[in-house]
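> Chains as they are written, first to last, in the numbering used here: chain E, 1 to 311; chain Y, 312 to 622.
Beta carbons are placed, not taken as given, at the ideal position from N, Cα and C, and that holds for glycine.
#1: Using a C-beta to C-beta distance shorter than 8 Å, which residues of chain Y count as neighbours of residue 220 of chain E?
#2: Would you identify the three-state DSSP class for residue 143 of chain E, choosing helix, strand or coil?
#3: Looking at the secondary structure, which residues open and close the beta strand (DSSP E) in which residue 572 of chain Y lies?
#4: Is any beta-carbon of chain E found at less than 7 Å from that of residue 527 of chain Y?
#5: Report buried or exposed for residue 340 of chain Y, applying the criterion of at least 16 other Cβ atoms within 10 angstroms of its Cβ.
#6: With respect to the alpha helix (DSSP H) encompassing residue 398 of chain Y, which residues constitute its N-terminal and C-terminal limits?
#7: To the nearest angstrom, how far is the alpha carbon of residue 221 of chain E from that of residue 118 of chain E?
#8: With 7 Å as the C-beta to C-beta threshold (strictly closer), list the residues of the segment 415-434 of chain Y near chain E in chain order.
#9: Can you list the residues of chain Y that residue 141 of chain E reaches, using a CB-CB cut of under 8 Å?
#10: Helix, strand or coil, according to DSSP, for residue 437 of chain Y in the structure here?
#11: If you count every other CB in all the chains shown that lies within 10 Å of the CB of residue 608 of chain Y, and 16 or more means buried, which is it?
#12: For residue 348 of chain Y, which of helix, strand or coil comes out of DSSP?
#13: Given that a residue counts as buried once 16 or more other Cβ atoms are within 10 Å of its Cβ, and exposed if not, what is residue 158 of chain E?
#14: How is the beta strand (DSSP E) around residue 365 of chain Y delimited, first residue to last?
#15: Please state if the CB of residue 472 of chain Y and the CB of residue 464 of chain Y are separated by a distance shorter than 7 Å.
#16: Once DSSP output is grouped into helix, strand and coil, what is the label at residue 216 of chain E?
#17: Three or more C-beta pairs closer than 8 Å, one from the segment 262-274 of chain E and one from the segment 589-604 of chain Y: is that the case here?
#18: Cβ of residue 67 of chain E within 7 Å of Cβ of residue 92 of chain E?
#19: Going straight from the alpha carbon of residue 612 of chain Y to that of residue 147 of chain E, what length do you get?
#20: Kindly give me the distance between the Cβ atoms of residue 389 of chain Y and residue 554 of chain Y, rounded to whole angstroms, as I take these residues to be in contact under 8 Å.
#21: According to a CB-to-CB cut-off of less than 7 Å, which residues of the segment 16-42 of chain E neighbour chain Y?
#22: What does residue 72 of chain E reach in chain Y if we use C-beta pairs closer than 7 Å?
#23: Counting contacts by CB-CB distance shorter than 7 Å, is residue 209 of chain E in contact with chain Y?
#24: Mind checking if residue 538 of chain Y is an interface residue toward chain E, Cβ cutoff 7 Å exclusive?
#25: Can the beta-carbon of residue 630 of chain Y be found closer than 7 Å to that of residue 370 of chain Y?
#26: Excluding the 5 residues flanking residue 481 of chain Y on each side, which residues of the same chain have their C-beta closer than 6 Å to its C-beta?
#27: When we look at the beta-carbon of residue 521 of chain Y and count the other beta-carbons within 10 Å, is it buried (16 or more) or exposed?
#28: Identify every residue that forms a DSSP beta bridge with residue 226 of chain E.
#29: Can you list, in chain order, the residues of its chain whose CB lies under 8 Å from that of residue 206 of chain E, leaving out five sequence neighbours each side?
#30: Give me whichever residues DSSP pairs with residue 12 of chain E in a beta bridge.
#31: State yes or no: is the C-beta of residue 400 of chain Y within less than 7 Å of the C-beta of residue 548 of chain Y?
#32: Could you tell me whether the Cβ of residue 172 of chain E comes closer than 7 Å to any Cβ of chain Y?
#33: Please work out which residues of its chain come closer than 6 Å, Cβ to Cβ, to residue 70 of chain E, disregarding the five sequence neighbours upstream and downstream, and give them in chain order.
#34: Using DSSP bridges, identify the partner residues of residue 97 of chain E.
#35: With distance defined between alpha-carbon atoms, name the residue in Y:503, Y:417, Y:327, Y:326 nearest to residue 492 of chain Y.
#36: By Cβ distance, which residues of its chain are closer than 6 Å to residue 177 of chain E, with the 5 residues on each side in sequence left out?
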C-alpha cells in the first residue's frame, strides 16, 4: 500500500518537545495544508504563536480538533484519557486520532472508550527525545532514523494505519507495528528502567553526606554526568510513565536487582573473572547500537572538545 | 609557586587511551625534550612506533624509566604494584613517579613500599576518558577543562607536587589535591557506581527472554543507549577498579539500593507526588554540571542529527 502522508488539517494537542518537533518537520515536508495547535497554558500558546511555525493557535482542544483529518495528542500519558473524552464530540468523521505517549496499554485503556466509532484510533510512540522540554525545544530532525511504534487496536482500518505510517516515515522515522503489551515490555527495558535508574543515582549523589554536591559536579566526567542527562527529563511526563507502566517496570526492576546482586557479590568476593566476563559481554551491545545507526560512533557521544591552547 | 611544566625526559608506561592522550598533548605543548614509552604487547609497541608521536618506544619498563625525570604509569590499577617493584632499581634520583589510576588508596598501598626514598611519588587521576581504548584512541584535547586529582602522600616534596600540577595544567586540566581515601569515596559515586549500574543494566537487557536483543538495539534511543557507552569501557581497567575500591563502592551501592527501594515503593503504591518531587530535584544537578562546563549544554550531548530529506 502506498499511502499519501499528506493531511489537509493536522491538529496537535500540546506543543512541547514532541509536538513542536512534529510541527516543524511536518511544515518542512509540506505534510499538511494547515497545522493547528493548542496548549494548556496561555503562556505556551503565546510563545507558539510568536514562533510562527503553525498556522493557527487556538485556546481549546475542542476548537483544535474541529475539522482536523489527523489529531495527535502530544501531552503526558496521564492526561490523554480526559482529553479524549473532551475532544470526542468534536472529532470529524473519518479522522485519524493518535498520540505520542511512551506507554501504550494505558493509552488504549484510557482513550479508546471515549472515541466515537467513526474515527480511526492509531496510538503511536516515536522513540526519540532529548532532555529538554517546552515549545522552544523541538526541532525538525528529531525523528530521523529513530523508530516510531504504532499499536493499532484489532480491527482498525488498515488504510488509516498506512497513512499514519507514511506520515511518520515522511518525518524521517522508521515505523514498526506491535501490540500495546509488547510495546510496554520493550520500552520498560529500553527506556523506563534506564530513566528510573538514572533518576535514582542522581538523587543518591545529591544526598550523600561524605561527598559534597560541588564535588559530584566537578568530577562528574568520570561517568556520572551521562546519567544526569536523562535525569533532567520532564518530571510530569516521567511520573505518568511510571504510574502507567507499573507492572512492566516492576518486572524489569526485579531482574535488574537480581543482576546487580550478582555483580555486588562478585565485588565483595573479589571475583575478578566474573567481573571481567560480564564487562566483556556488555561491549557487544554497544557495537550493535552503533552499527545500526542508533547512536554515534564518535567517542563520548561526539561531545565537543575545544582545542588545546598553545603554551 | 610557579613551577615549570617542562621535563627533560618523560617515560609513559602504557600507551592506551590515557597514555596516548598524555603523549599527544605533551608533544603539542612541548612539555618534554624526549618522550619515551613502552607497552606490554609487541603489537602495541609496533603501532606506537608507527604513529610517530613519541621519540622512543622501548621493550621493557626498566629501559623506559632510565634517566626519566617524570615517570607516569598509564596501566590498569591492578598492575601498578608489580610495575613499581620492577622499575624501582632503575629510577633516576629526583624523578617524579606518578600514575593515572582511578583508585588512589590501593595505588599508594601497592606502589609506595617499592619506591626508593630518592624519588618523589605523586599519584594522580585525570577524571577524563572515553569508552574507547588502545593506542589509537588517545587525543590531545582529552584533558581540557577536566579535573586531575593529585593525592600526594604526607611529606612529599612540595616542589614535585607543583611541577606535576603545572604539567597537568599545561595539558588543559584543572588540578585539585585531596587524600587518597577522600578521592576513592568521591570517585565511587561519580564514576565507579555509575559504571557498575551501566554494566548491570546492559547485561540485564542482554538476557531478557521476552524482549529480543535486536529490539533492545532498535529502540535504545529511549534512554538505554546512554548506558551502553560506559558499559563499553575497557573490561580489564574496570575489573581492577572494582577490586581495588571495593569498600567505597559497596558503601555507595548500599545507599543507591535504599534509594531505589524508595522509588520502587512509590511506583508500586502509585505515589505520583513522590515521583514528581524526586524527578524535579534531579534536574538541578544537571544544570550545575552544564553551567560549570563539565558537560555540553546541547540537547542529547550534542549528538549529530542529519538534515531531513525533502519530500
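Reading off the structure:
#1: 501, 600, 605, 606
#2: coil
#3: Residue 572 of chain Y -> not in any beta strand (DSSP E); alpha helix (DSSP H) instead, spanning 557-580.
#4: yes
#5: buried
#6: 391-398
#7: 54 Å
#8: none
#9: 616, 617, 618, 619
#10: strand
#11: exposed
#12: strand
#13: exposed
#14: Per DSSP, residue 365 of chain Y belongs to no beta strand (DSSP E) and is neither H nor E.
#15: no
#16: helix
#17: no
#18: yes
#19: 20 Å
#20: 7 Å
#21: 25, 28, 29, 30
#22: Correct list: empty, because the minimum Cβ distance to chain Y is about 18 Å.
#23: no
#24: yes
#25: The question about residue 630 of chain Y has no answer, for chain Y in this structure spans 312 to 622.
#26: 316, 340, 342
#27: exposed
#28: Per DSSP, none; premise fails for residue 226 of chain E.
#29: 213, 216
#30: E:37, E:72
#31: no
#32: yes
#33: 7, 10, 96
#34: E:71, E:121
#35: Y:417
#36: 150
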